[in-house]
Each structure stands twice: as C-alpha cells, then as structure tokens.
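Participant: Dropping the structure in here first, questions after.
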Amino acid sequence: MTTSTTPSTSTTSDALAAETFAPPRLRGVALASVVSALLLALLLEALDQAIVGTALPRIIATLHGLDRYTWVVTAYVLATATMVPIVGKLSDQFGRKWFLVAGTALFLIGSALAGASETMNQLIAFRAIQGLGAGIGIALVATIIGDLYPPDQRARLMSLFGLVYGFASLFGPTLGGWLAEHGPLLGSLVTDATRWRWVFYINLPLGGLAIAALVIYLPDNLSAHSSGSLTWESLRHIDALGAVLSAAATICLLLGLTLASDQSALAGAASQAPVLLVSGVILFGLFIMVERRVAEPILPLGLFRNQVFTAAALLSLLQMMVLLGLTIYLALFLQGALSIAPTATGLIMTPLSISMVAGAMLSGPIIAALKRYQAVTIVAAGVMCVGAFLIATMTTQTAVWQAILYMSVTGLGTGVFFAVPMVAGQNALPASQLGVGTAATRYLGQVGAVLGIAIVGAVVNSGASPTLLRRLPTTLAGKQALASALQHGFVAVLFFAGLALVVTFFLKDLPMATAQDVAQDVAQDAAQGDEAEAAEEPAGELLSA
175 MTTSTTPSTS TTSDALAAET FAPPRLRGVA LASVVSALLL ALLLEALDQA
225 IVGTALPRII ATLHGLDRYT WVVTAYVLAT ATMVPIVGKL SDQFGRKWFL
275 VAGTALFLIG SALAGASETM NQLIAFRAIQ GLGAGIGIAL VATIIGDLYP
325 PDQRARLMSL FGLVYGFASL FGPTLGGWLA EHGPLLGSLV TDATRWRWVF
375 YINLPLGGLA IAALVIYLPD NLSAHSSGSL TWESLRHIDA LGAVLSAAAT
425 ICLLLGLTLA SDQSALAGAA SQAPVLLVSG VILFGLFIMV ERRVAEPILP
475 LGLFRNQVFT AAALLSLLQM MVLLGLTIYL ALFLQGALSI APTATGLIMT
525 PLSISMVAGA MLSGPIIAAL KRYQAVTIVA AGVMCVGAFL IATMTTQTAV
575 WQAILYMSVT GLGTGVFFAV PMVAGQNALP ASQLGVGTAA TRYLGQVGAV
625 LGIAIVGAVV NSGASPTLLR RLPTTLAGKQ ALASALQHGF VAVLFFAGLA
675 LVVTFFLKDL PMATAQDVAQ DVAQDAAQGD EAEAAEEPAG ELLSA
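Spelled out as structure tokens, the structure:
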C-alpha cells in the first residue's frame, strides 16, 4: 500500500510547491543588468525589422535575386510569428531563462550567417533562423518583466517597449542605409561592395552583452515550472502535435495574406494565396480540436473565457492592424499624392514615431499611479480614432503641417497600446499562465501586423486601376485618383480603430497587486500548504499500516 500512495503524495507536493512558489527578488546591479539585457535583446529584434529594408538594394546588387526581394523580410516575419505561441507555453512548463538565452544565441547565429551569405537563397534561409530566435525573445521578454515585477509596477517597465520600438522605427532605416554605404571594411569579408554585411554583424557584440548579463544575473528559478524538472516524463507532456499544427497554420495564414496583398508577387505565386488561406483555416480548426484534449495545450482555450484577457489580446491585434495599415500607406500617400521626395517623407513621418513613444512613456506612469488601465485605454482609443479620421480626410490639397499633426495625434493614441494589453492581460492571469498568456497576446500582434497590411492593401487595390499602382503618378488626375484609393484604405484603418474603442469598454479594471500583496499571498499559501500536509500525515500512516 505504501508504494501505491507515493505518486499521489508526490503530485500533491508538486502542486503545493507550485502554489507556494515565490520568485527570487533581484535588486541593484543584478536587476539593472537583467532589465538592460531584456531591452537590448528586444531592441535588436525590433531593429532588425527596420534596418534591413534600406540596405536591401545594396544586398540585391551583390547577391542578385530581385524576384526574391520581399522574401528577405517575409521569411523573418513568418519564422518569428511561428515561434511565439510555442515558446510561451514551453517556458511555463520548463522555465524561461535558458529558452531566452538559447533564442538570443540563435538570433545571433542567424545574424552571423546572414552577414556571410553568398547567395539570395542563403540569405533567406538565414533570415528565417534569425526570425526563430527573435520569436523566442518577443514571447519571453515581456513575460520575464511580469516575473520580475508585481502587477502595479509592470506598467512603467512595459511602457519602455514603446520606446524600444519607436527608437527602432525612427533610427533603424537611417542606420541601415549608413551601414550599407559607410560600414568599415574588413579584409576580404567586407569589401566596398559588401558593406551591407554590417547590417547583420552589428547584432553580434550587442547580443553578446545581453547573453552574458542573462547568464550571470537571471535566476534559473524565476518562475514556477508546471512540469517540474526536465525528465522523460515531463517531455511526454509537451504538446508536440499542437505545436506542429500551430506552426503550419500560422505559416499558411500569414503567407497567404502576404501573397494576397503583394502587388509585386508573380501571378503564379499570387494564385496560391486562396489555397494557403483555406489551408490555414483548416489547420487552425484542427489545432483547436487538439488543444481541447491535451493535458498541457500550447494555447489553453480557457484563457479566452477570461473577458479581460480576451479584450487585451484583441487590442494587441487591432493596434498592429492600425499601425501597419497606416505606416505602409502613409508613405505612399506622401510621395504619390503630395509629391514629396523619399528623404523628406521619412522626416515628415518622424513625428508619428515620436508621438508613439510619447504615448507609451506617458501611459505607464499614469497607470502605475492610478492602479487602473481602462480609463487610459478608452481615452487612447478615442484619440487614435480622431487621428485616423483626420488622416482619412486627407486629399491632394492637404498641407504638410496638417499631415504631420494628424499623424502625431494618431501616434499618441496608438503608442499607449504598446504597454496596456500586456499589463492588463498579465494582471488577469495566474502566474502559472503568464508565459502562454503573454505569448498569445504578442502572437496576435504579429498576426495583426500582416492582417492590417493585407486588408488595407486589398481595399486600396479595389479602388485603384491596375495601372495606377505600377508607378507614382505624375499628373494631377493620377494623384487625385491615388489619393482617393488610399482614402478608402484609411477608412478601413478608421474602422479598426473604432473596433478597438469598442473593445476597451470590455477591458474591465482588476485590482493590481503590489509587492506586499504578493508576499502576503505566498505566505498565506505556504501556511495552507503546511496545514494540508499535516492533515495528510495521519491518512498516510493509516494506509501504510
């Protein structure tokens, strides 16, 4: 009888240990080093999406393969989105530290290989490796912030995400162009024609610093592990089928959306978009069926029965639909409808990035002070709607100062949503689901970026003649026709912003625990665990007898 009770006792002990788990508290140099490493890892991954674009013409001149031009970006985006939901769940099962270290290392390996590429196909493959590593970082950086700080302090740290992405979008294109033209020579590896290799090599020293800080200062036991230590038994609980279906469905959906919205895609490739989209829907259906039956699902469907978490996840999706739907087509409007030069276009769009950073940085302290987030999100969504409406009214007669003002208003509202969805979503979930919940929110943001571009692109294309979008118009009639087609796209963005405003009313305020509250909860759970063990001892003795 004694042996038969051992598994039960062990299971009870594991459950009690999870309930009474208290994460280690970092302070001083250790805390500053870990937070700096997290932000640096996030910056490299965000910068890599902005820095490569301006260097691509130089890359094409060396490696050729103009027909695969967009795949340098597409491979990175697809690989990133594929990894986010998978690693979020695995980090809940086995811990976060070594997943993040491995992901950052994989990103750096991909960077080194991409910089050494000799053919276009090699570059695309190595960019996919970079994307896999970036996906791990995107999933875990916000999760580890949630592990390190109690809910009432997270908003201040999460607001730095807006600063990181704003910095990347503001300086990334300029840095990429400068490195491609003026990067230092390095023997036969980096010649005058291949200075663009520094676009990838610049990641290596900075990423190395981040890995060193994480290895030295980030604790192994930062979070409770639902599967305990790494054993054959715990490996059996990995949702391998769910991971495969999730990855396949994500690739089909995002690739289908990308091909459907890409005017430069070959006719044969574009014709595959409907097949990919249907396949993606079918695979997602199979994924949901599997997730209902496994013990440790990649995406626990019960998360979406939580109203606050669901609203937060939807806001992440809609914010990226608004942001990418605007930024891609605002540049086209400024150059095509207002006849502004490319360099001046970049300068005119700079206030959009600055205002997003301002929105993100202002929202964090306000939420931390009020201990509430719903009122902040309602106001932000309202400001975002006003800005999107103003942008939708732009015509060929719009003055440059008006366009700057409209973009600044929109950016101020949009920037708030870099922090709020993660703060609200994490606050609504138990610590045991912090990884999977944060990853789901980040994943929907990745999907929203592609979805926004695809939908707005489809609307613009439907309102323009086939010849209009082949080259920038030179006549007044052509400029007016382009402006009209783009206005339809901006109305679609306004619709996304309106949906976000509606969703904010479902983002109910929940109490935000302080560090003292967390400590008291842990102490109370520990006391209850001791009482439970004491109550089980007589029963265990009786069974042994």
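Numbering follows the working numbering, in which position 535 of the sequence shown is assigned residue number 709; successive positions increment by one, without gaps. Just so it is clear, CB atoms sit at the ideal spot from N, CA and C, and this is done for glycine as well.
Taking the C-alpha atoms as reference points, what is the distance between residue 589 and residue 486?
Facilitator: Whole-angstrom Cα-Cα distance: 15 Å.
Participant: Could you spell out where the alpha helix (DSSP H) holding residue 318 opens and where it closes?
Facilitator: Note, residue 318: alpha helix (DSSP H), 294-322.
Participant: Assign residue 541 to buried or exposed, taking buried as 16 or more other Cβ atoms, counted over all protein chains shown, within 10 Å of its Cβ.
Facilitator: Buried, since its Cβ has 16 or more Cβ neighbours within 10 Å.
Participant: Counting Cβ pairs, one atom from each stretch, are 3 or more of them under 8 Å apart for the stretch 661-676 and the stretch 625-633?
Facilitator: A contact exists between the stretch 661-676 and the stretch 625-633.
Participant: Inspect the CB distances between the stretch 671-680 and the stretch 298-317 and report whether three or more fall short of 8 Å.
Facilitator: The stretch 671-680, when compared against the stretch 298-317, does not touch it at the 8 Å Cβ threshold.
Participant: So residue 612 and residue 317 are supposed to be a Cβ contact under 8 Å. How far apart are they, rounded?
Facilitator: Correct: roughly 4 Å between the Cβ atoms.
Participant: Rounded C-beta distance between residue 233 and residue 370? I'm assuming under 8 Å.
Facilitator: 5 Å between Cβ atoms; contact.
Participant: So, for residue 666: in the same chain, excluding its five sequence neighbours on each side, which residues have a beta-carbon less than 8 Å away from its beta-carbon?
Facilitator: Excluding residues within five positions, the ones whose Cβ falls inside 8 Å are 499, 629, 630 and 633.
Participant: Which residues bound the alpha helix (DSSP H) around residue 456?
Facilitator: From DSSP, the alpha helix (DSSP H) with residue 456 extends over 447-465.
Participant: Kindly indicate which residue of 388, 606 and 329 has the alpha-carbon position closest to the one of residue 274.
Facilitator: Looking at the Cα atoms, 388 is the closest of the given residues.
Participant: Thinking residue 504 and residue 530 are a contact (beta carbons under 8 Å), I'd like their distance in whole angstroms, please.
Facilitator: About 13 Å separates the two Cβ atoms, so there is no contact after all.
Participant: Counting C-beta neighbours from all protein chains within 10 Å, is the total for residue 575 16 or more, i.e. buried, or is it exposed?
Facilitator: Exposed, since its Cβ has fewer than 16 Cβ neighbours within 10 Å.
Participant: Might you give, ordered along the chain, the residues of its own chain that have their beta carbon closer than 7 Å to the beta carbon of residue 561, omitting 5 neighbours on each side?
Facilitator: 580, 583, 584 and 587.
Participant: Tell me the DSSP bridge mates of residue 364?
Facilitator: 360, per the DSSP bridge assignment.
Participant: Between which two residues does the alpha helix (DSSP H) containing residue 556 stretch?
Facilitator: 548-566 is the span of the alpha helix (DSSP H), which, as asked, contains residue 556.
Participant: Determine whether the beta carbon atoms of residue 320 and residue 544 lie at a separation below 7 Å.
Facilitator: No, the Cβ-Cβ distance between residue 320 and residue 544 is not below 7 Å.
Participant: Looking only at C-alpha atoms, which of 573, 551 and 556 sits nearest to residue 513?
Facilitator: With distances taken between Cα atoms, residue 513 lies closest to 573.
Participant: Candidates 610, 455 and 423: which alpha carbon is nearest residue 269's?
Facilitator: Out of 610, 455 and 423, 610 has the C-alpha closest to the C-alpha of residue 269.
Participant: Residues in its own chain within less than 8 Å of residue 238 by CB, not counting five upstream and five downstream?
Facilitator: Correct list, in chain order: 294.
Participant: Assess, as a yes-or-no matter, whether the stretch 619-628 is touched by the stretch 337-344 under the definition of 3 or more beta carbon pairs within less than 8 Å.
Facilitator: These segments do not touch.
Participant: With distance defined between alpha-carbon atoms, name the residue in 322, 281 and 246 nearest to residue 299.
Facilitator: Checking every option, the nearest Cα to that of residue 299 belongs to 246.
Participant: Between the C-alpha atoms of residue 200 and residue 213, what's the straight-line distance to the nearest angstrom?
Facilitator: Spanning the two alpha carbons is a distance of roughly 16 Å.
Participant: Rounding to the nearest angstrom, what Cα-Cα distance links residue 285 and residue 446 in this structure?
Facilitator: Approximately 30 Å between the Cα atoms of the pair.
Participant: By the three-class DSSP mapping on this structure, what secondary structure does residue 225 have?
Facilitator: Residue 225 falls in the helix class under three-state DSSP.
Participant: For residue 390, count neighbouring Cβ atoms within 10 angstroms of its own Cβ and tell me buried if that reaches 16, exposed if not.
Facilitator: The residue is exposed, with fewer than 16 neighbouring Cβ atoms inside 10 Å.
Participant: Three-state secondary structure (DSSP) at residue 696?
Facilitator: Low per-residue confidence applies at residue 696: pLDDT is 47, beneath 50, and the placement is therefore not dependable enough to give any value.
Participant: Could you check the C-alpha separation between residue 352 and residue 360 for me, to the nearest Å?
Facilitator: If I take the Cα positions, the gap works out to 16 Å.
Participant: Enumerated in chain order, which unbroken segments of the alpha helix (DSSP H) with a length of 4 residues or greater are wholly contained in the stretch 599-651?
Facilitator: Here the runs fully enclosed are 608-636.
Participant: Is DSSP giving residue 411 helix, strand or coil here?
Facilitator: The answer is coil: DSSP assigns residue 411 none of H, G, I, E or B.
Participant: What are the start and end residues of the alpha helix (DSSP H) that includes residue 266?
Facilitator: Run containing residue 266: 245-268, per the alpha helix (DSSP H) assignment.
Participant: Report all residues from its chain with a CB closer than 7 Å to the CB of residue 415; omit the five preceding and five following residues, and keep chain order.
Facilitator: Around residue 415: 464.
Participant: Hey, how far is the Cα of residue 695 from the Cα of residue 266?
Facilitator: Since pLDDT at residue 695 reaches only 49, below the 50 mark, its modelled position is unreliable, and no value is offered.
Participant: If we count the other Cβ atoms within 10 Å of its Cβ and call it buried at 16 or more, is residue 601 buried or exposed?
Facilitator: Answer is buried; the Cβ neighbour count reaches 16.
Participant: Under 6 Å Cβ to Cβ from residue 372, same chain only, skipping five residues before and after it: list those, please.
Facilitator: 353 and 357.
Participant: Among 422, 223, 506 and 472, which residue has its Cα nearest to the Cα of residue 413?
Facilitator: The shortest Cα separation from residue 413 among 422, 223, 506 and 472 belongs to 472.
Participant: How many whole angstroms separate the CB atoms of residue 591 and residue 554, which I take to be in contact at a CB cut-off of 8 Å?
Facilitator: Confirmed, Cβ separation roughly 7 Å.
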